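Input: a single structure, listed below in structure tokens.
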Amino acid sequence: MSGWGYLRGRRLWRRRGWGGVAAMAAVCTLAIGGTLTPLGDRGPISRGAATPLTTARYASAPQQAHDNCDASLDPSTGPTDGPAVERIRQRGRLKVGVDQNSYLWGFRDPATGQLAGFDIDLVHALARSILGDPDAVQFLTVPTSQRIPLIKNGTVDMVVRTMTINCQRVDDPKNPVAFSTPYFEAGQQILAPEGSSVTGFDDSLQGKTVCTARGSTGEQTLEGNRHGASILLVDNQLDCLVRLQLGLADAVFTDNALAAGQAAQDPSVHLVGHPVTDEPYGVAMNTGEPDLVRKVNAVLAAYRSGGADSEWMTSYRRWLAQDLPGLTGPPAPKYRQ
Amino acid sequence: MTQTQSPTRSGVPAAGGPGGPQVPRRRTAWAESAARMRASAATEPGRLRVIGAVLALLVLAFGTATAWQISERSTATGHVLHHSGPLSAEAAEIYRSLADADATVAGGFLAGGQEPRDVSRQYQDDIDNAARLITEAAANSDGSAEAIALIGKLNTWLPVYTNLVATAQADNRQGLPLGGAYLRYADQKMQGKGGLLDLADQLYRAQTGRLDADYADAKSLPWVAWVLGAAALGTLLWAQRRHYRRTNRVFNRGMLAASTACALALLWLVVGHTVARSELADSYTHGARSMQVLNDARIHVLQARSNENLTLVARGSDPGYDDDFSTGMTDLAGSDPHGVGGELAQALALADAPKGRDPVNAAIKGVQAWRDRHATERASDDNGDYASAVAQVIGGKDGSGRTVTATTAQCFHTVDASLGTAVAQEQDEFRTAAETGRNAMAMLPYGAAVLAVLAAAGAALGIGRRLAEYR
Chain A
1 MSGWGYLRGR RLWRRRGWGG VAAMAAVCTL AIGGTLTPLG DRGPISRGAA
51 TPLTTARYAS APQQAHDNCD ASLDPSTGPT DGPAVERIRQ RGRLKVGVDQ
101 NSYLWGFRDP ATGQLAGFDI DLVHALARSI LGDPDAVQFL TVPTSQRIPL
151 IKNGTVDMVV RTMTINCQRV DDPKNPVAFS TPYFEAGQQI LAPEGSSVTG
201 FDDSLQGKTV CTARGSTGEQ TLEGNRHGAS ILLVDNQLDC LVRLQLGLAD
251 AVFTDNALAA GQAAQDPSVH LVGHPVTDEP YGVAMNTGEP DLVRKVNAVL
301 AAYRSGGADS EWMTSYRRWL AQDLPGLTGP PAPKYRQ
Chain B
1 MTQTQSPTRS GVPAAGGPGG PQVPRRRTAW AESAARMRAS AATEPGRLRV
51 IGAVLALLVL AFGTATAWQI SERSTATGHV LHHSGPLSAE AAEIYRSLAD
101 ADATVAGGFL AGGQEPRDVS RQYQDDIDNA ARLITEAAAN SDGSAEAIAL
151 IGKLNTWLPV YTNLVATAQA DNRQGLPLGG AYLRYADQKM QGKGGLLDLA
201 DQLYRAQTGR LDADYADAKS LPWVAWVLGA AALGTLLWAQ RRHYRRTNRV
251 FNRGMLAAST ACALALLWLV VGHTVARSEL ADSYTHGARS MQVLNDARIH
301 VLQARSNENL TLVARGSDPG YDDDFSTGMT DLAGSDPHGV GGELAQALAL
351 ADAPKGRDPV NAAIKGVQAW RDRHATERAS DDNGDYASAV AQVIGGKDGS
401 GRTVTATTAQ CFHTVDASLG TAVAQEQDEF RTAAETGRNA MAMLPYGAAV
451 LAVLAAAGAA LGIGRRLAEY R
């Protein structure tokens, strides 16, 4: 039975290949963050402290520092119908890379067995607009490390999977991707259990164990300033909730959007303090398909419009409002020509 | 008895000893009897008495050595059969039950909220079985500190694992992805480093180490008995030849009987032990060794099943499980999905009877079908048809509502059951061969003792007859 140890060893040492990507992403994100006015001004995103985050505040998000790398193609300045969109119409269905393990964002609804969540609602809206049928979608589950390669090789038309828009991904010399305008604004935030003395990403973490996903932006941020906490690394952000429930960690540090998914699965944990990074989510596409990028941006513009009755707000209220309260509208788009 | 005292202060050396003064005033008992023997050996009756004593001693020493060495080997064979053999098989069964529980629970997860009753029953049976075997192993570990420590750890970690699984199932019933995260954590406690399977593996290796040691003891050559037997027989023949030369009498009945008894005992020793050895070798190669290979194969089958299920439980968030499936399959059956290789090829080579080969062949066919169906299932999942992928793994309706009839679950069950049959078959072979081996030695210690006494008596009588001629 000498082979068993070998198998186990491999399992134990399995690593994601995107640590480096995430590291650079973090540096980039922090650079953006550094240009922000004091982060506390953005207001807390946490249960019970629902200072409204206004559209205006998103619009003021100062991201100009990086040569427009975070700005997306304006649908009014070019065609939204081109070879890429035509190819999708010919095929009759949209191929989208999603996650089916992110509660509230992309997960299998146990009642229907179908994929559901905030990301999935957006995918259906895209399919309806491009193909006239919200269900003309082929969902492909993509692991984090495969998001960009699968876009490059055309396996998927786009990835809608809580993916952060950042300059490193846009400007990567080898594997650049194109992003849509942001459809959600997330940030790294602390999740703590009821009654915990942890009040946020601050010195209340002194002597505590903070869990975060290996290779994530959270890990990089913690490495930069750990506030006296020790770090527990796991493969997947959701594994942190397991450790928290088992008493192996005192707090979780992750995207507040994903943390909201964790809070929704355990009513005794909630977000505390403020988001400390700025992570806009966008739809990722191939850089060689500007018509598709413009088309998606056009759909997003429609998706955002309508104020409190917009599709965006409807989806937000359905999935996120309870665990990520206080939003009054989507982030404002930022275009380039 | 050499005197080693240094000379006294007065300069008078101590009495006695070879280095003593020239006129020994007292001699030691040894020196005295040696001198008497030298004196008596100068006469024929004296010589005969010495020869008789040496013969009797040699023959009795041969008988004693045979009885002692063969009893030892027989006891070691008994340990192989009734102690280390079963303990090693039990440790393998602990491992198998734990691995099966892990694979079963992951399969139940895929079935959705409420898992099928036979799945929860199988999981419960596996856990109960493992717990019972761990308790039994604790009772039978005979103070082996390593085994006791491992069993203690297994006892501690098993309830931790079952609690994690219970939490995972509770979350899964509510449709929370957290359930899957708990299950992956539980799997880590099972398959990870220092986890339950690691402990069970160490226990298995410790018990198999004892089995191998018992085999080595049972098969070690009884040199002392052989040499003494040859010496006794040789001396008897020499004594008869000497007798013939001096008396011209061809036969001395006593000596002849002694030689015959001695030769018989030696023949019995050599043949009996050689037969036992070859049966033991057979029970090792075709029993113990092929059981080890088959157990390895069974473990890989269970791990492959766990990994196949967990790939779907992880829902695309962890491609590592499928990588582990592929490597596990390569270890199990070789790199060619339609070929014969790996542990199954080894098991086939070790199985010597058609009865042993048939189930292994069935397992090989099962694995080939499994790999085909697995490829189909992966393609479904990769194309985003999760419902079909699940149905192709555990059965049920595919993405378009059709019931899937060819599932990897069927292949897994075929392979697992075939290997189970093969293990039982090899277990039989192991037991039969080891028992034959032990039987080949069973009467030998008694027979050797009786024959040695007879031979000694014969030698004594024969010498006695000659001595009588001098009275």
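Chains as they are written, first to last, in full-length UniProt numbering: chain A, 1 to 337; chain B, 1 to 471. In this text, a Cβ means the ideal position worked out from N, Cα and C, and glycines have one as well. Fair warning: this is a prediction, and the values are worked out from it, not measured in the lab.
Helix, strand or coil at residue i according to DSSP, with G and I counted as helix
| i | result |
| --- | --- |
| B:R205 | helix |
| B:C411 | helix |
| B:C262 | helix |
| A:F201 | coil |
| B:F251 | coil |
| B:I148 | helix |
| B:S388 | helix |
| A:Y335 | strand |
| A:I148 | helix |
| A:I165 | coil |
| B:L467 | helix |
Contact list for residue i against chain C, beta-carbon separation under 9 Å
| i | result |
| --- | --- |
| B:G175 | As a matter of chain content, chain C is missing from the structure shown, whose protein chains are A and B. |
Beta-carbon neighbours of residue i, restricted to chain B and to distances below 8 Å
| i | result |
| --- | --- |
| A:V242 | L178, A181, Y182, Y185 |
| A:Q265 | D171, L176, P177, L178 |
| A:D70 | Those within 8 Å of A:D70 in chain B number zero; the least Cβ separation is about 27 Å. |
Contact set for residue i: own chain, Cβ-Cβ below 6 Å, skip 5 residues either direction
| i | result |
| --- | --- |
| A:L150 | G97, V142, V156 |
| B:Q240 | M255 |
| B:P359 | S418, T421, A422 |
| B:H374 | T408 |
| A:D109 | A116 |
Chain A residues whose Cβ lies nearer than 8 Å to that of residue i
| i | result |
| --- | --- |
| B:R289 | The contacting residues do not exist; B:R289 stays about 12 Å from chain A at best. |
| B:G112 | P110, G113 |
Alpha carbon of residue i to alpha carbon of residue j, nearest angstrom
| i | j | result |
| --- | --- | --- |
| B:E435 | B:A263 | 27 Å |
| B:A92 | A:V210 | 39 Å |
| B:D212 | B:A131 | 26 Å |
| A:L292 | A:D74 | 11 Å |
| B:A41 | B:R47 | 5 Å |
| B:K189 | B:N361 | 34 Å |
| B:R210 | B:D282 | 18 Å |
| A:A84 | A:P290 | 8 Å |
| A:A301 | B:Y161 | 50 Å |
| B:N129 | B:T405 | 31 Å |
| B:A99 | B:P116 | 19 Å |
| B:A457 | B:L280 | 35 Å |
| A:L241 | A:Q265 | 9 Å |
| A:V21 | B:R357 | Residue confidence is low: A:V21 scores 45 on pLDDT, short of 50, so the model does not pin down where it sits. Its coordinate-derived value is still stated next. C-alpha separation (whole angstroms): 52 Å. |
| B:S290 | B:D217 | 20 Å |
Beta-carbon proximity list for residue i, same chain, < 7 Å, skipping 5 on both sides
| i | result |
| --- | --- |
| A:S129 | V299 |
| B:A225 | F62, A65, T66, Q69, L269 |
| A:L258 | S102, T162, Q237 |
| B:G366 | C411, T414, V415, S418 |
| B:V293 | E343, Q346, A347, L350 |
| B:G334 | V340, G341, G342, A345 |
| A:P182 | I165, P280, Y281, G282, P331 |
Per-residue burial, residue i [other beta carbons within 10 Å of its own, 16 or more giving buried]
| i | result |
| --- | --- |
| A:I45 | The pLDDT assigned to A:I45 is 40, lower than 50, so where the model puts this residue is not dependable; a value taken from the coordinates is nonetheless given after this. Answer is buried; the Cβ neighbour count reaches 16. |
| A:S72 | buried |
| A:P52 | The pLDDT assigned to A:P52 is 36, lower than 50, so where the model puts this residue is not dependable; a value taken from the coordinates is nonetheless given after this. So A:P52 ends up on the exposed side. |
| B:D171 | buried |
| B:Q114 | exposed |
| A:G154 | exposed |
| B:V73 | A small correction: the amino acid at residue 73 of chain B is Arg; Val does not occupy that position in the sequence shown. Counting Cβ neighbours within 10 Å, B:R73 comes out buried, since at least 16 surround it. |
| B:A265 | buried |
| B:S88 | buried |
| B:V80 | buried |
| B:K193 | exposed |
| B:T43 | exposed |
Proximal residues of chain B, C-beta to C-beta of residue i below 9 Å
| i | result |
| --- | --- |
| A:T141 | R315, G316, S317, D381, D382, G384, Y386 |
| A:N236 | A181, R184, A314, S317, D318 |
| A:Q138 | N383, G384, D385 |
| A:Q100 | P177, R315, G316, S317, Y386 |
Beta-carbon neighbours of residue i, restricted to chain B and to distances below 7 Å
| i | result |
| --- | --- |
| A:N256 | The premise fails here: A:N256 is roughly 17 Å from chain B at the closest Cβ pair, so nothing lies under 7 Å. |
Cβ shell of residue i (< 8 Å), same chain only, five flanking positions each side left out
| i | result |
| --- | --- |
| A:L140 | K95, V96, G97, V98, L150, T155, V156 |
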